[in-house]
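K.L.:
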Amino acid sequence: MQAFLDQLWIARWPLWDGLLLTAGIAAAAIAFGTLLGGIVGVQLAYAPWWLRLPFRLYVDIMRGTPVLVLILAAFYIPAVAGLSLGPTEAGTLALTLFAGAHIGELLRGSLQAIPPGQAEAGRSIGLTFPQLLAYVLLPQAARSALPPWINTGVELIKGSSLLSIIGVGELLLRTQEVIGRTFMTIQFYIFAGIVYLVINIALDQLGKSLERRVGQH
Numbered sequence: 531m532q533a534f535l536d537q538l539w540i541a542r543w544p545l546w547d548g549l550l551l552t553a554g555i556a557a558a559a560i561a562f563g564t565l566l567g568g569i570v571g572v573q574l575a576y577a578p579w580w581l582r583l584p585f586r587l588y589v590d591i592m593r594g595t596p597v598l599v600l601i602l603a604a605f606y607i608p609a610v611a612g613l614s615l616g617p618t619e620a621g622t623l624a625l626t627l628f629a630g631a632h633i634g635e636l637l638r639g640s641l642q643a644i645p646p647g648q649a650e651a652g653r654s655i656g657l658t659f660p661q662l663l664a665y666v667l668l669p670q671a672a673r674s675a676l677p678p679w680i681n682t683g684v685e686l687i688k689g690s691s692l693l694s695i696i697g698v699g700e701l702l703l704r705t706q707e708v709i710g711r712t713f714m715t716i717q718f719y720i721f722a723g724i725v726y727l728v729i730n731i732a733l734d735q736l737g738k739s740l741e742r743r744v745g746q747h
């Protein structure tokens with residue numbers, strides 16, 4: 531145990547940098563994915579069928595494709611097309627597309643679960659559709675969408691561990707580099723697993739706290 535603690539102390543800064551990169555990528559993916567998912571969810575809920583179709587295809591393809599495949603596609607396909615994306619940018623793009631599809635689908639369900647009378651009441655007082663969305667529909671949908679939105683954040687944290695395969699220096703890759711130097715495989719993998727577990731539990735508790743606060747209003 532003492533030898534492991536000594537090596538952990540030596541490797542503290544690379545592991546810390548990996549953790550920060552993991553958190554940064556996940557935060558960026560959930561932020562951009564929420565914006566994308568908002569557009570997708572509204573289109574799926576209210577657009578005519580011909581406009582819904584490409585969004586439905588996007589959601590079905592992204593949700594039906596393993597995250598690892600999305601990561602590899604985001605890394606290699608732009609290069610074939612002549613675009614230069616670094617590993618971090620490609621990984622963030624892949625997780626954003628993944629998050630956008632899931633958030634779009636859960637927002638669609640939340641919007642369609644709102645009683646039609648809410649929209650009719652808004653239109654009766656002269657609200658335009660953007661105003662109806664902003665002041666009536668989206669605030670109600672956000673309440674029911676909050677718990678699965680937090681779950682999507684947890685999935686992104688776990689999915690970020692797959693970015694090591696394209697060379698992103700997140701927590702898992704930094705852990706593997708330390709293992710390659712110390713040969714303490716089990717100890718450092720257990721340590722990384724505990725770190726991921728703590729982050730995900732913290733996010734879960736944050737989600738429950740936000741859910742309680744929203745439910746009080």
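Going by the working numbering, the sequence shown opens with residue 531, and the numbers climb by one from there. Ideal placement from N, C-alpha and C gives every residue a C-beta, glycine not left out.
So which of Ile687, Thr705, Gln717 has the shortest CA-CA distance to Val728?
P.N.:
Comparing Cα positions, the closest option is Ile687.
K.L.:
To the nearest angstrom, report how far apart Leu545 and Gln537 are at their CA atoms.
P.N.:
11 Å
K.L.:
Between Ile695 and Ile591, how many whole angstroms is the CB-CB distance? I'm expecting something under 8 Å.
P.N.:
Contact doesn't hold; Cβ gap of about 21 Å is too wide.
K.L.:
Could you compute how far the alpha carbon of Arg743 sits from the alpha carbon of Gly612?
P.N.:
Taking the straight line joining both Cα atoms gives about 48 Å.
K.L.:
Tell me the rounded alpha-carbon separation between Pro608 and Phe659.
P.N.:
37 Å
K.L.:
Determine the burial state of Gly548: buried for a count of at least 16 other Cβ atoms within 10 Å of its Cβ, exposed for fewer.
P.N.:
buried
K.L.:
Should Ala643 be labelled buried (16 or more other beta-carbon atoms within 10 Å of its own) or exposed?
P.N.:
exposed
K.L.:
Need the endpoints of the alpha helix (DSSP H) that Ser503 sits in, please.
P.N.:
Past the boundaries of the shown model lies residue 503; the chain is included only from 531 to 747, so the question cannot be answered.
K.L.:
So is Glu700 buried or exposed if we call it buried at 16+ other beta carbons inside 10 Å?
P.N.:
Only buried fits Glu700, as 16 or more other CB atoms lie within 10 angstroms of its CB.
K.L.:
Taking just the CA atoms, how far does Thr595 sit from Ser640?
P.N.:
23 Å
K.L.:
Of all the options Phe585, Leu740, Leu662, Leu703, which has the alpha carbon lying nearest to the alpha carbon of Leu574?
P.N.:
Phe585
K.L.:
Kindly give me the distance between the Cβ atoms of Gly634 and Val570, rounded to whole angstroms, as I take these residues to be in contact under 8 Å.
P.N.:
3 Å
K.L.:
Measuring only the C-alpha atoms, how far is Leu615 from Val684?
P.N.:
25 Å
K.L.:
Helix, strand or coil, according to DSSP, for Ile591 in the structure here?
P.N.:
It is helical.
K.L.:
What residue range does the alpha helix (DSSP H) around Ser614 cover?
P.N.:
Segment: none, Ser614 is in no alpha helix (DSSP H) and carries neither H nor E.
K.L.:
Is the Cβ-Cβ distance between Gly737 and Pro677 less than 8 Å?
P.N.:
yes
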